[in-house]
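See below for the structure under consideration.
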Ligand code: BYC
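Residue numbers (full-length UniProt numbering): 1 to 330.
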């Protein structure tokens, strides 16, 4: 049943004439920026699309702990270690807010996690790339969290109330994450020639994967048209990608690093930077499960889930006993 639930929602956007009275009323609320709340009537495809997107988003936060968590024990100073530890813990918290938001749509956290572990739900492509050295951790905070914020600031205005509220809270924490990343990469870029070389190498490797985070080009995006009509998404993949490039290129220049894509050029007419798109064959291959770290990430997640079974069982048993004592006392 849930494998079906996460399947692509129907693509074609209905005209007003094709909508039922309930659907028209729903669309009017969306058009007037009235938030949709869990108990409100909603089209089944709206609910499915949200479960897919919020579930995928939650999984990304949780899987996203792995590339950085890998560096906690090897952070170069005590201060950097404490910062990274706090950031990685924040990501776990973001996953929990998002699983809770998804639960309001009638799917349980356990079901979503099972779908992830069975390979039936996705998580962000970016976390299938390795973090090879400390400069990568700075670049992840700066570029990956930077890209995530651009997407998530827009999602604060998404039409589903619980998702929108989760985004508001998450964005506050994400801005700290991006700053810590920029601060770490700055230290490297303004450091020794060797450190600067490492910073450059990290930016070169992570630039295109960061651009992929926004999803395929608008012309190839399966869900954008309907998701925009329902204001699940408020900006298209390409609009957000352009915003990221415009924000990030001056930061690369400030660091004195070379631009990772030689075609980046300010376009006076458009008022934006021109840039090269990532290799979309690589992107589709990564989201199919064939990226450099997919197998490793999933193995780690499954192991963490199995190793944590005794904690979940212990907590449940404690809650059961507490409830039984309460009933007995009444
Ligand atoms: N990776 O029709 P489209 C973080 C899939 S974590 C994988 O444009 P949509 C952080 C897409 O699912 C932040 N798959 O889709 C955490 C669809 O396939 P299905 C994560 C991708 O949904 C820890 C197909 O491609 N942020 O910040 O309209 C440490 C066609 O795409 C990706 C979010 O999750 C991708 N990059 O738009 C550090 C944001 N892109 O499902 C940092 C919430 C596309 O039909 N999500 N696909 O099989 C969104 O905003 C939207 O889902 C997307 C894609 C813009 C990503």
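The beta carbon of each residue, even a glycine, is placed where N, CA and C say it ideally should be. Given the structure is predicted, the values throughout are model-derived calculations rather than measurements.
Asked: Beta-carbon proximity of residue 12 to residue 24, cut-off 9 Å; Found: no
Asked: Buried or exposed (CB count within 10 angstroms, at least 16 for buried), residue 271; Found: exposed
Asked: Where the alpha helix (DSSP H) containing residue 97 begins and where it ends; Found: 78–103
Asked: Identity of the residues DSSP links to residue 267 by a beta bridge; Found: 272
Asked: DSSP beta-bridge partners of residue 160; Found: 36
Asked: Complete runs of the alpha helix (DSSP H) confined to the region 163–245 [at least 4 residues]; Found: 193–212, 224–229
Asked: Same chain, Cβ closer than 8 Å to residue 117, five either side skipped, listed in chain order; Found: 298, 301, 302, 305
Asked: Residue 360 (DSSP reduced to helix, strand or coil); Found: With the chain running from 1 to 330 in the structure shown, residue 360 is simply not present.
Asked: Secondary structure of residue 15, DSSP reduced to three states; Found: coil
Asked: Where the alpha helix (DSSP H) containing residue 294 begins and where it ends; Found: 294–307
Asked: Residue 107 (DSSP reduced to helix, strand or coil); Found: coil
Asked: Straight-line gap, residue 96 to residue 267 (C-alpha atoms, nearest Å); Found: 41 Å
Asked: When 315, 320, 33 are compared against residue 161, the one with the closest alpha-carbon; Found: 33
Asked: Per-residue burial, residue 279 [other beta carbons within 10 Å of its own, 16 or more giving buried]; Found: exposed
Asked: Helix, strand or coil at residue 133 [DSSP, three-state]; Found: coil
Asked: DSSP state of residue 41 mapped onto helix, strand, coil; Found: coil
Asked: Close-in-space but distant-in-sequence residues of the same chain around residue 247 (CB under 8 Å, 5 per side omitted); Found: 146, 150
Asked: Proximity test, residue 254 beta-carbon vs the ligand BYC heavy atom, cut-off 8 Å; Found: no
Asked: Enclosing alpha helix (DSSP H) for residue 260 [first to last residue]; Found: Segment: none, residue 260 is in no alpha helix (DSSP H) and carries neither H nor E.
Asked: As assigned by DSSP and simplified to three states, the class of residue 291; Found: coil
Asked: Near the ligand FAD: residue 240 beta-carbon under 8 Å from a heavy atom; Found: As for the ligand FAD, it is missing from this structure, which binds only the ligand BYC.
Asked: At least three beta-carbon pairs within less than 8 Å, the region 207–226 to the region 153–160; Found: no
Asked: Beta-carbon proximity of residue 213 to residue 166, cut-off 9 Å; Found: no
Asked: Nearest to residue 261 (by Cα), restricted to the options 314, 225, 229, 204; Found: 204
Asked: Check: residue 237 C-beta below 8 Å from any heavy atom of the ligand BYC; Found: yes
Asked: N-terminal and C-terminal residue of the alpha helix (DSSP H) that residue 122 is part of; Found: Here residue 122 belongs to no alpha helix (DSSP H), and DSSP marks it neither H nor E.
Asked: Buried versus exposed call for residue 46 [16 or more other C-beta atoms within 10 Å across all chains shown]; Found: buried
Asked: DSSP-derived helix/strand/coil call for residue 61; Found: helix
Asked: Residue 4 (DSSP reduced to helix, strand or coil); Found: Reliability of the predicted coordinates at residue 4 is poor, the pLDDT of 44 falling under 50, and the value obtained from them is presented with this limitation in mind. Helix, per DSSP.
Asked: Rounded Cβ spacing between residue 234 and residue 275 (contact assumed at less than 8 Å); Found: Residue 234 to residue 275, Cβ: 22 Å. No contact.
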